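For the first sequence, the positions run 2 to 418 when the working numbering is used. For reference, the structure is listed below as structure tokens.
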Amino acid sequence: MIQRPKGTLDVYGTDGTIYNYIYNSAQEIMSGYNFEFIKIPTFEETSLFYRGVGEGTDIVNKETYDFVDKGERKMTLRPEFTAGVIRSYIENKMYADNSVKKLWYFGSAFRYERPQSGRYREFTQFGVEVLGVRNAFMDAEVISLAYRFLSGLGITNMKVKLNTLGDKESRQNYRDVLYDYLKKDYDSLCDTCKDRLERNPLRILDCKYDNERDYIKNAPKTLDYLNDESKKYFDEVKEALECLDIPYIVDSSLVRGLDYYSDTVFEIICDYEELGKANTICAGGRYDGLVELLDGPKTPGIGFAMGLERIIIMLKEMEAFVPSERLHSFVMNLDGSSLAYQIVDDLRSSGFSCEIDYTGKTMKGLWKLVDKYNPTYVIIIGEDEVKGDYVTVKDNDTKEEVKVKISELLDYFNMNL
RNA sequence: GCGGUAUUGGUGAAGUGAUUAACACGCCAGAUUGUGGCUCUGGUAUGCGUGGGUUUGAUUCCCACAUACCGCCCCA
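In structure tokens, the structure reads:
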């Protein structure tokens, strides 16, 4: 038997309902915030991700799905969306009118990882990118958008972690200081951190072993090495968040794994047992150098991405209420006449959701289907009805039955909306 | 990529080196008639992830592979 590829998911049943609910909610909130939808290719030239995401990151070093196409082009299944969206922004000259571009996306991303719950090789991301503005209120708005969206879905136990990496100058400055500081204590670092020192010293602050040691706890903090501009900006972002009433905690160990971030970075985590260590459901930040890095004009940007699968796991565990439309009617076809199918077709064409049995169930089986679908109405069509040119409409809540002429059925339902 | 645990029907699962693989839910049929959700009765895995091996005999023991899950790494 052929199984699905490792780390992929069949989403159906309750999961499918929740998936759709999240997607619909995303569409709704994005139009409220006046974002434009963008759909980009599932795969791009490999070099885009090397340059965009960063040569030193694990994502491009060992987690990409690469292939060479028949034209011998090196391609990569997108491991995230930001690089592709920025490529599209530049390629389509969306910067031309000097306006602020607010884009949102939704779709699969791919990473060649060892799967676990909440961690898949193909997973779904919903995210936004805002290009062309560097303003603390925009940073706050992007964070609040993510926060409001998640709480709108019914998620409650969230924490917003916030940090700043500073601008390019502050960042480089800090990195050098930190490197020197850690280098002095190189021998007592854990093995992984020894590797990390050269590649990405910031991550050492995040290490759960070394993290516990005073030497690391006392390491220089990003905040102490910000230049005045970056410091001021961070203060403004915090102020703006307070203004929008978004609770947050500053976490100086928060560093993101992608190279392009600068200044504001944030994560929304959710403590839920089922998520285990994969409890980051949303992450993002500012990337003022990225457009330039990808050969576009100097343009500031900020965005976030969230993982649908993790949200689904949570909503399912929380047994959160996922609204769904109630089935309008179930047509009970007792004599097998084609009339029943015509009526179903008429109802559907008029916008009434409708179901009928095709498997020749017995009376009891049909009523069991009614229980399962729980429609508002049951429409009974039997011998007597066909002869008399009427149907019996049973209100499934009050159990009252009325006879309705077939020609008047649609009017009957329209009047009872 | 490294280390560990697991894999029995549609689902949750019990179980044993050897006659019919427990139980529960679900599903199907019947009691039940053109009116269901309750109850009762019966049916429902020629099969225990896949491929090998040990054995008189393997779902059970051994090996390999696959997948899921947990930890590391990393991340949404």
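Glycine is no exception: its CB is placed at the ideal position from the N, C-alpha and C atoms. Values in this document were obtained by computation on a predicted structure and should not be read as measured data.
{"query": "The region 35 to 52 contacting the region 94 to 109, beta-carbon criterion three pairs below 8 Å", "result": "yes"}
{"query": "Classification of residue 397 by the beta-carbon crowding that lies within 10 angstroms, buried from 16 upward", "result": "buried"}
{"query": "Per-residue burial, residue 334 [other beta carbons within 10 Å of its own, 16 or more giving buried]", "result": "buried"}
{"query": "Beta-carbon gap between residue 251 and residue 166 smaller than 8 Å", "result": "no"}
{"query": "Under 8 Å between C-beta atoms of residue 249 and residue 131", "result": "no"}
{"query": "CB of residue 392 within 8 Å of CB of residue 381, strictly", "result": "yes"}
{"query": "DSSP state of residue 364 mapped onto helix, strand, coil", "result": "helix"}
{"query": "Proximity below 8 Å, CB of residue 108 to CB of residue 87", "result": "no"}
{"query": "Proximity winner among 29, 328 and 234, relative to residue 127 (alpha-carbon distances)", "result": "29"}
{"query": "Cβ-Cβ distance between residue 106 and residue 171 below 8 Å", "result": "no"}
{"query": "Cβ-based burial, residue 125 [other Cβ within 10 Å; buried from 16]", "result": "buried"}
{"query": "Residue interval of the beta strand (DSSP E) (run including residue 110)", "result": "102 to 111"}
{"query": "Coarse secondary structure for residue 334, derived from DSSP in three states", "result": "strand"}
{"query": "Continuous alpha helix (DSSP H) stretch holding residue 139: start and end", "result": "137 to 153"}
{"query": "For residue 373, the nearest candidate out of 384, 41 and 358 (CA to CA)", "result": "358"}
{"query": "Closest Cα partner of residue 308 within the set 185, 82, 331 and 390", "result": "82"}
{"query": "Residue of 203, 42 and 325 minimising C-alpha distance to residue 255", "result": "203"}
{"query": "Local Cβ density within 10 Å of residue 376, reported as buried at 16 or more and exposed below that", "result": "buried"}
{"query": "Spatially closest choice to residue 129 from 181, 32 and 59, by CA coordinates", "result": "32"}
{"query": "Member of 90, 341, 283 and 378 whose CA lies at the smallest distance from the CA of residue 292", "result": "90"}
{"query": "Under the three-state DSSP convention, the category residue 126 falls into", "result": "strand"}
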